[in-house]
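Line by line, the protein sequences are chains A and B.
FYI, in my numbering the residues of the first sequence are 59 to 535.
FYI, in my numbering the residues of the second sequence are 59 to 535.
There are 2 protein chains.
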Amino acid sequence: MHTTFFTRKLTKNFHFALLACASLVFSPLNTVNAATLNASEQADMSALSKTALKSDLSYDLVESLTTEVGPRMMGTPGDAKAIVWAVEKMKNLGFDKVWTEEVTGTQWLRGQAEAKITAPYPHNVVAIALGGSVGTGEQGLTAQVAHFENLDALKAAKPGSLKGKIAFVSYKMSRHIAGKGYGAAVGTRVNGATIAAEKGAVALIMRSVGTDSNRVAHTGVMRYKDGVNKIPAAALSNPDADLLVNQLKRGKPVSFYLKLTASIEDEQIIKSANVIGEITGSESPEQIVAIGAHLDSWDVGTGALDDGIGVAMVMAAAHHISKLENRPKRTIRVILYAAEEVGLLGAKQYMIDHKDEVKNHVMGAEWDFGVGKIYEMTPRVGASGLNAVRDLSKYLAPLGVTLSAKNNGRASSDMGLLTDAGMPSMRLSADGSHYFDYHHTENDTLDKVNPKDLQQNTAVYTLFAYFAAQAEVDFRK
Amino acid sequence: MHTTFFTRKLTKNFHFALLACASLVFSPLNTVNAATLNASEQADMSALSKTALKSDLSYDLVESLTTEVGPRMMGTPGDAKAIVWAVEKMKNLGFDKVWTEEVTGTQWLRGQAEAKITAPYPHNVVAIALGGSVGTGEQGLTAQVAHFENLDALKAAKPGSLKGKIAFVSYKMSRHIAGKGYGAAVGTRVNGATIAAEKGAVALIMRSVGTDSNRVAHTGVMRYKDGVNKIPAAALSNPDADLLVNQLKRGKPVSFYLKLTASIEDEQIIKSANVIGEITGSESPEQIVAIGAHLDSWDVGTGALDDGIGVAMVMAAAHHISKLENRPKRTIRVILYAAEEVGLLGAKQYMIDHKDEVKNHVMGAEWDFGVGKIYEMTPRVGASGLNAVRDLSKYLAPLGVTLSAKNNGRASSDMGLLTDAGMPSMRLSADGSHYFDYHHTENDTLDKVNPKDLQQNTAVYTLFAYFAAQAEVDFRK
């Protein structure tokens, strides 16, 4: 979808694109553009930056969400509380409109996990059910472990060769500022159970998709393929995966006990909601600058990083803009998506509910990655939009944000669906070097939030949203 | 006891001490001593250092202990396995004598822990029973939380003022290379339950004595005072302690549920053993250079740092010395103490069993602290011993070890009892900046061991032990 969209845009805007490229090559960055904003708007940008950099609002919001609500997996009491929390907060923060839009799904229950190496050297180990896994039954299951170093090795196993065994994939995710190790590791989590089942395995266990070395395992969504036996799937904490590998190295048969009391309750429809708040535009209220995050979290930590800081950041950004003397020209819409973790259910529902309005989304960005400072902005815009983005980058440079040479910045997670449907987008990339130490674990808690970084990132979102609301440009073109 | 001992020694050796002081003041370090070792021994020191720095033995030993045995709290099957493991390893490593000495104690069972904030904002939290705590009964208990910032504040509470409440001490341990934050924090763990009970509390909960921010709580031994009501005592993980503090800050009553199924089984005598191995001296076999560590661990991690690396280091050091062409002049005794964690039971038994032999312990050092490199050596010796120690320090300097200006180096934990009884001792201080991230938790696992640091530290112990075995000096004098 990305490539198709981008090609179409380039063709349509061929002359603009050529012009933009020429500017990029021949002119120094700080002289390419006529100023997109007028003097008054430039003063607003300066004031907004100062405000956001000294405000505790976004920290206070994530502190409140994690302390008063906590974990909020779709369909849990925490999810319902989070919706009430978000509506109340937005109202108190002076949003012009606040409303919810129903999102439905089916229930999955985590239950309890118990796991141990039973031979040759018995050890209790820390395991967690992958999101969506079936259970083992109360009695659990014990089987010999078949070890694979990565998903490709598991795929290469002969059909039937894992009959009666537990498949164990020990692939170790690598650390990277942009989280590039995730892509190489997450395939086992999503598809490993189906592939193992096709070879005859009775369960899948895997090293956690994470870069930490804590006895805390990482959950995350997995999927079954229709027609393939659904087998239980769990992640082991990384030190426990090491231990299992070390036992396997000794060459003796290793047996493993796994009990998951997880269950899929397909027949039980559960409800959640996207929570939406707006600062209504004063000149073109129908034109929407969308900033988003997801309100749900996994059920294990308090969802401080994933995605509490995103929720806090976009709410605070809109609030700071609402405190200016005048409303922005365009509407700033804060979208707090439901049920991202369990499969982008809120994002999919938003695309249905706002089908006819997608064309009015003039620009959008979501926060759903990282724990440190934003260091790079990557747009996905037309040629004239690119000129404006270059101008925006001058305001963000003092905050440590550089402009990527690429023009393929799909918005994060939920909002990526809007990018795919043609919304001009911005990817604001934050340092994720330590994100996967905590991602989808009990350790995703408030103490991991750096208040200074959060101020900086909130300032970036504030300036981005205000600029997009004021810029007299069609970012699509 | 330290002060008394040191004063007596100084008085007895007054003239030597004066002489030593004079040397210290007037002579540069590298010229004060005639060489303690002869040319052949100096060559041995050089060879031993090279061997230890390239040998994987100590890493392999801790890998084996953590993988094949794992947790080994006194009285558990792991403890029994560890004793068998240590005896076999020492025999295979070429020790001249290997034997065990029975140590007895009473049983404490950890059981399960379950804890949650029940109001105003319900949250499940991670808690662990302190070692030796009574249980709450299967039904648990729920009570209002009374918050104290530190132990002194708890002590200052009026008698009866905590009637029916759970006392919560939120003191946060600070990070320090020598673990100096531990002393300020551990008092709550050891005595907090008694003090809280004296004020009428029904339970004690505390922030973990640890410097990490993981949802993993720190256990450790606690004690009750005779005549005071025994109340259950648990530590919360640090992020959960933060959460509880944040809820308390809101000024509403906070209630808490605690269930510990721990139990003290006073009537059940359990057995363990000190495991002792020797490289027998060739000239003065009755004179003992003691190097030690404790073989037991808490039951939650695999005891890699506490004290697996110590066990590995002293076993490897003796082995490296045993591979020299000749046996050392004095005997090198490796003491793997039982039941350190639950109250130095092995060390106390050793003092009884070897009462008449204490005078023959010419020098000793134990490893029971730290995770990084050894950076300092602090002796506790007589004046002529100090001259020899200065000479030793020249061999350890290339390994990054500096000689402390102090002469009060009590040996670590178990072996401190030998220091107190007059054994000349060496404290080899290692970087403990990150030790209390893992100490007494599930996270004390093999991945925290840095193989390079372990080689370095093993080299230090090897050189120390060989030097002490060869030096023709009475370290007491």
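Note that the Cβ used here is the ideal one computed from N, Cα and C, for glycine as well.
Bridge-paired residues (DSSP) for residue i
i	result
GLY335/B	VAL156/B, VAL392/B
SER313/B	ALA177/B, GLN202/B
THR162/B	LYS329/B
GLU434/A	THR460/A, SER487/A
ARG308/B	For ARG308/B, which the question treats as bridged, DSSP gives no partner whatsoever.
GLY189/A	VAL279/A
MET264/B	VAL227/B, ALA293/B
ILE410/B	ILE410/B is not bridged to any residue.
GLU172/B	LYS317/B
LEU167/A	SER321/A
Three-state secondary structure assigned by DSSP to residue i
i	result
ASP365/B	helix
PHE58/B	Nothing about residue 58/B can be reported from this structure: the residues present for chain B run from 59 to 535 only.
ASN249/B	helix
TYR282/B	coil
ASP324/B	strand
ILE235/A	coil
VAL439/A	coil
GLU121/B	helix
HIS378/B	helix
GLU344/A	strand
ALA422/B	Position check: residue 422/B holds Gly in this sequence, whereas Ala was assumed. Looking at GLY422/B - three-state DSSP - the assignment turns out to be strand.
VAL183/A	strand
VAL227/A	strand
ALA144/B	helix
GLU530/A	coil
ALA351/A	strand
LEU209/B	helix
LEU106/A	helix
PHE427/B	coil
SER271/A	coil
LEU301/A	helix
THR499/B	coil
THR360/A	coil
ASP505/A	helix
Assigned exposure category for residue i - 16 Cβ within 10 Å defines buried
i	result
ILE337/B	buried
ALA255/A	buried
ARG391/A	buried
PRO482/A	buried
VAL142/B	exposed
GLY458/B	exposed
ALA351/B	buried
SER470/B	buried
TRP157/B	exposed
GLN305/B	buried
LYS510/A	exposed
ASP114/B	exposed
ASN96/A	exposed
SER487/B	buried
GLU325/A	exposed
PRO129/B	buried
ARG308/B	exposed
ASN150/A	exposed
GLU224/B	It should be noted that the sequence gives Ile, not Glu, for residue 224/B. It counts as buried.
ASP284/B	exposed
ALA293/B	buried
message: Does the segment 400-418 of chain A come into contact with the segment 175-187 of chain A, if we say contact requires no fewer than three beta-carbon pairs (one atom in each stretch) closer than 8 Å?
response: Contact between the segment 400-418 of chain A and the segment 175-187 of chain A is absent: fewer than 3 CB-CB pairs across the two stretches fall below 8 Å.
message: Could you check whether the segment 157-172 of chain A touches the segment 297-307 of chain A, counting it as contact only if at least three pairs of C-beta atoms, one from each stretch, sit closer than 8 Å?
response: The segment 157-172 of chain A makes no contact with the segment 297-307 of chain A: fewer than 3 CB pairs, one atom from each, lie closer than 8 Å.
Cβ pair count under 8 Å reaching 3, the segment 242-258 of chain A against the segment 314-332 of chain A: The segment 242-258 of chain A is not in contact with the segment 314-332 of chain A.
- prompt: Touching or not, the segment 188-205 of chain A and the segment 271-279 of chain A, by the rule of three or more beta carbon pairs under 8 Å?
  reply: Yes, they touch.
- prompt: Quick check: the segment 328-337 of chain A against the segment 356-366 of chain A, are there 3 or more CB pairs under 8 Å?
  reply: No, the segment 328-337 of chain A is not in contact with the segment 356-366 of chain A.
- prompt: If we count Cβ pairs, one from each stretch, closer than 8 Å, do we get three or more for the segment 452-468 of chain B versus the segment 510-526 of chain B?
  reply: Contact annotation: the segment 452-468 of chain B touches the segment 510-526 of chain B, with at least three C-beta pairs closer than 8 Å.
Cβ contact (3+ pairs, closer than 8 Å) linking the segment 521-535 of chain A and the segment 419-428 of chain A: Yes, since at least three Cβ pairs between the segment 521-535 of chain A and the segment 419-428 of chain A fall closer than 8 Å, the two stretches touch.
- prompt: Does the segment 199-211 of chain A touch the segment 368-376 of chain A, meaning 3 or more C-beta pairs lie closer than 8 Å?
  reply: Below 8 Å, too few C-beta pairs join the segment 368-376 of chain A and the segment 199-211 of chain A to call them touching: fewer than three.
- request: Please confirm if the segment 269-276 of chain A is in contact with the segment 490-505 of chain A, defined as three or more CB-CB distances below 8 Å between the two stretches.
  value: Contact between the segment 269-276 of chain A and the segment 490-505 of chain A is present, with at least three C-beta pairs closer than 8 Å.
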